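Worksheet: one structure, shown below.
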Amino acid sequence: MIREDQEHLLVFPIPMKGECWYSLLARYHAISGNRSEKYTFDQLFGGKTVLDAAVTLPARVKLIDAWLPRECGLTSDRIIREFTAYQYLRLSSRFPDTAYQRLMQGSAKRGRGMRSQMAGALRGRHQKLCFCPDCVRSDTEEYHHSCWHLVHQINGVRYCPIHGMRLIESPWPEGEKLVHFYPAPDAEMAGQMERESRGEETDVFQDRFFELAKTIDWLLANSERIGTEERLLQFYESELGTDPSWQDILKHLASKDAGFVLELFPEEDLVRMGNDVIKHGLRQQSPLFHALMIMRFGGVQWLERKTQT
Numbered sequence: 000m001i002r003e004d005q006e007h008l009l010v011f012p013i014p015m016k017g018e019c020w021y022s023l024l025a026r027y028h029a030i031s032g033n034r035s036e037k038y039t040f041d042q043l044f045g046g047k048t049v050l051d052a053a054v055t056l057p058a059r060v061k062l063i064d065a066w067l068p069r070e071c072g073l074t075s076d077r078i079i080r081e082f083t084a085y086q087y088l089r090l091s092s093r094f095p096d097t098a099y100q101r102l103m104q105g106s107a108k109r110g111r112g113m114r115s116q117m118a119g120a121l122r123g124r125h126q127k128l129c130f131c132p133d134c135v136r137s138d139t140e141e142y143h144h145s146c147w148h149l150v151h152q153i154n155g156v157r158y159c160p161i162h163g164m165r166l167i168e169s170p171w172p173e174g175e176k177l178v179h180f181y182p183a184p185d186a187e188m189a190g191q192m193e194r195e196s197r198g199e200e201t202d203v204f205q206d207r208f209f210e211l212a213k214t215i216d217w218l219l220a221n222s223e224r225i226g227t228e229e230r231l232l233q234f235y236e237s238e239l240g241t242d243p244s245w246q247d248i249l250k251h252l253a254s255k256d257a258g259f260v261l262e263l264f265p266e267e268d269l270v271r272m273g274n275d276v277i278k279h280g281l282r283q284q285s286p287l288f289h290a291l292m293i294m295r296f297g298g299v300q301w302l303e304r305k306t307q308t
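End of the sequence shown sits at 308 in numbering that gives the first Met the number 0; the numbers just go up one at a time, nothing left out.
Shown next, in the form of structure tokens:
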């Protein structure tokens, strides 16, 4: 934990639009002048920590009020709202409030398995950090450096919701766990990796993946307007004319988007979701399933109308 004599930092990065919490930490390490990553971990968190959850979640974020520069205008609450997928994941009722509190307070040992499940619900099977070359170029032009964008790290997002470009997987992390501060690629490196990846893959469902990315991007920024999963289920009920079970939701998705759903989920997962534990299976992926259902009913425009009534 943070020392009682913890001093406020002299500098901290100014957040970039769409940046994730992990990216802010990585940029701080780059500008800090600290002699090692170990020193940065000790300075910020009181010891070594696994950073997987920080890519999409407010991992240990409540500790930062002890060391954020007072004049930087940032607070832990603002970081939670704007630079993590906290509100998006809260659309799932699977995780109890106590799990979020342990995550944010930075309990190093308790709830480790739950933190892994929460990160898995957001990132799926993706382990590498992803980026959009056009975002790198536009960020560099505006800010003179790049960052890791939150939406690009979310399960189901294969295309940039702004530029429509297919995302590129970086080589990082090099192992199974994210335990280092990796800076986002600069424009030159992004261009080189873009050229190397050109023509590797084509998507039959490119338009659907682009729409899904835009839907998830909206939810990351606006989930507070929805509030709870129960409210979303009420929206579905108004369209389906009945109180939908999770099995009804899966059938509704598969009725027109079967091929697209198969692209998103491995066959073994869909088989598991179709048996007597379907409720558990869907709730494990419920943020993504909610994004798919929103697309099914008319996308972001449909949800805008629903949240205004």
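For every residue, glycine included, the Cβ atom is placed at its ideal position computed from N, Cα and C.
Everything numeric in this text was worked out from a predicted model, so none of it was measured.
Review point. Where does the unbroken alpha helix (DSSP H) through W147 begin, and where does it stop?
Key: Premise fails: W147 is in no alpha helix (DSSP H) and is neither H nor E.
Review point. Out of Y142, L88, S31, which has the shortest C-alpha to C-alpha gap to I16?
Key: The sequence shown places Lys at residue 16, rather than the Ile named in the question. Here the closest residue by C-alpha is Y142.
**Study point:** Touch test, the region 205-224 against the region 77-92, Cβ-Cβ under 8 Å, three pairs minimum
**Key:** In this structure the region 205-224 lies against the region 77-92, because at least three pairs of beta carbons, one per stretch, are closer than 8 Å.
Exercise for review: Determine the DSSP secondary structure at E173, reduced to helix, strand or coil.
Suggested key: Of the three classes helix, strand and coil, the one that applies to E173 here is coil, per DSSP.
Exercise for review: Closer than 6 Å by C-beta to A186: which residues in its own chain qualify, once you throw out the five before and the five after it? Chain order, please.
Suggested key: V135, R136, T139.
Practice item. Take the Cβ of H7 as the centre, count every other Cβ of all protein chains shown within 10 Å, and call the residue buried at 16 or more, exposed below. Key: Exposed is the call here.
Point to revise | Sheet register partners of I63 (DSSP bridge) | key: Answer is none; I63 lacks a bridge partner.
Review point. Given that a residue counts as buried once 16 or more other Cβ atoms are within 10 Å of its Cβ, and exposed if not, what is L261?
Key: Exposed, since its Cβ has fewer than 16 Cβ neighbours within 10 Å.
Check your understanding: Could you check where the alpha helix (DSSP H) with S31 kicks off and where it finishes?
Key -> Start and end: 20-31.
**Study point:** For N154, the first and last residue of its enclosing alpha helix (DSSP H)
**Key:** Looking at the DSSP string, N154 is not in any alpha helix (DSSP H), and its letter there is neither H nor E.
Point to revise | Enclosing alpha helix (DSSP H) for E70 [first to last residue] | key: Going by DSSP, E70 is part of no alpha helix (DSSP H) at all; its letter is neither H nor E.
Check your understanding: By Cβ distance below 6 Å, which residues in the same chain neighbour S196 in space, the five residues on each side in sequence not counted?
Key -> If we look at S196 and ignore the five residues flanking it on each side, its Cβ neighbours are I167.
Exercise for review: Kindly indicate which three-state DSSP category R304 falls into: helix, strand or coil?
Suggested key: Secondary structure at R304: helix, using DSSP grouped into helix, strand and coil.
Exercise for review: Measure from the alpha carbon of A45 to the alpha carbon of each residue in G32, K213, V60, then state which is nearest.
Suggested key: The residue asked about is misnamed: residue 45 is Gly in this sequence, not Ala. G45 has its Cα closest to that of V60, out of G32, K213, V60.
Check your understanding: Should I215 and P160 be called a contact, given that it needs their Cβ atoms to be closer than 9 Å?
Key -> Inclusion of I215 and P160 in the CB contact set at 9 Å is warranted, their separation being smaller than that value.
Review point. Near Y21, which residues of its chain fall below 6 Å by C-beta distance, leaving aside the five closest residues on each side in sequence?
Key: A distance below 6 Å between beta-carbons, with the five flanking residues on each side excluded, links Y21 to the following residues of its chain, in chain order: L50, A53, V54.
Exercise for review: Return helix, strand or coil for E6, following the three-state DSSP convention.
Suggested key: It is coil, neither helix nor strand.
Exercise for review: Helix, strand or coil for I79, going by three-state DSSP, please let me know.
Suggested key: Per DSSP, reduced to three states, the secondary structure at I79 is helical.
Check your understanding: In this structure, does DSSP put F234 in helix, strand or coil?
Key -> The answer is helix: DSSP assigns F234 an H, G or I state.
Practice item. Kindly give me the distance between the Cβ atoms of L62 and L88, rounded to whole angstroms, as I take these residues to be in contact under 8 Å. Key: Not quite, the Cβ-Cβ distance comes to about 20 Å (not below 8 Å), so this is no contact.
Review point. Using the beta-carbon count (16 or more within 10 Å), is D275 buried or exposed?
Key: Because the pLDDT at D275 is just 37, under 50, the model does not fix this residue reliably, and the point stays unresolved.
Point to revise | Contact the region 24-37 vs the region 176-184: 3+ CB pairs below 8 Å | key: Taking one beta carbon from each stretch, the region 24-37 and the region 176-184 have 3 or more pairs nearer than 8 Å; the two touch.
**Study point:** Extent of the continuous alpha helix (DSSP H) to which P57 belongs
**Key:** Taken as a continuous stretch (DSSP letters only), P57 belongs to no alpha helix (DSSP H), as it is neither H nor E.
Point to revise | Spatial neighbours of E238 in its chain, beta-carbon cut-off 7 Å, leaving aside the 5 residues before and after | key: Excluding five sequence positions before and after E238, the CB atoms of its chain that fall closer than 7 Å to its own CB belong to F296, given in chain order.
Exercise for review: Compare the beta carbon distance of G123 and G163 with 9 Å and say whether it is the shorter of the two.
Suggested key: No, they are not a contact pair.
Review point. Roughly how far, in whole angstroms, is the beta-carbon of H148 from the beta-carbon of E18, given that I think they are within contact range, below 8 Å?
Key: H148 to E18, Cβ: 7 Å. Contact.
Exercise for review: Ignore the nearest five residues each way along the sequence and tell me which others in D64's own chain have a CB closer than 7 Å to its CB.
Suggested key: Only residues of its own chain outside the window of five on either side were considered, and among them T74, S75 have a CB closer than 7 Å to the CB of D64, listed in chain order.
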